[in-house]
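Take any residue in the sequence shown, count from 1 to its spot, add 14: that is its number in this note's numbering.
Below you'll find the structure, written out as structure tokens, and then a few comments.
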Amino acid sequence: MELNKQVLQTFLREAHVRDFEMQEEPTSMHRLDYVQNPQDPNIFEFKLTFMFAHFGTQIDGVIESSILVQNPTDTPVDVMEDIKKDEDGYAIPLYSKASAVIAKLSEDRGSFPLIVPVDHWFSEE
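And the structure:
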């Protein structure tokens, strides 16, 4: 069943840029947490904690997003179960924002921008 999904807001909660030991391969991690909003059962709060390091630069941060999920039919659907089955699909806006933040902060630091394709986050599980 296809649910209607709409991103209500996505924002960068915090970000840090540090020097990192030079390595040939990038180092990365991410963790995705989500909960149902207690005031509105159709809104789900997502939090992505991420870290990416390469070429002597480490960038880590937290991105949060609120997503409205509605069932277009009268058939009952367990939205939380649907999110568990397709976490990455729901979190694409957060992964995209993390990749953009990494590129921008590494470029602002005066180095070549670190480009992190969105699919990189999916392959790191």
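For glycine and all other residues, C-beta sits at the position ideal for the given N, C-alpha and C.
Since the structure is predicted, the reported quantities are computational estimates derived from the model, not experimental observations.
- By the neighbour-count criterion, in which a residue is buried when 16 or more other Cβ atoms sit within 10 angstroms of its Cβ, V130 is buried.
- For S137, the uninterrupted alpha helix (DSSP H) run begins and ends at V132 to S137, by DSSP.
- Counting only runs of at least 4 residues, the region 25-112 fully encloses the following alpha helix (DSSP H) elements, listed from N- to C-terminal order: 93-99.
- Y109 and V132 have their C-alpha atoms spaced approximately 6 Å apart.
- Here DSSP, grouped into helix, strand and coil, assigns L22 to strand.
- Here Q72 is buried: its Cβ has 16 or more other Cβ atoms, across all protein chains shown, within 10 Å.
- Per the C-alpha coordinates, the member of N56, V76, F136 and I57 positioned closest to M65 is V76.
- At a Cβ-Cβ threshold of 8 Å, L46 and F60 count as neighbours.
- The beta carbon of T41 sits closer than 6 Å to the beta carbons of A67 from its chain, once the five residues preceding and following it are set aside; these are given in chain order.
- With a cutoff of 8 Å on beta-carbon distance, G70 and D122 are scored as not near each other.
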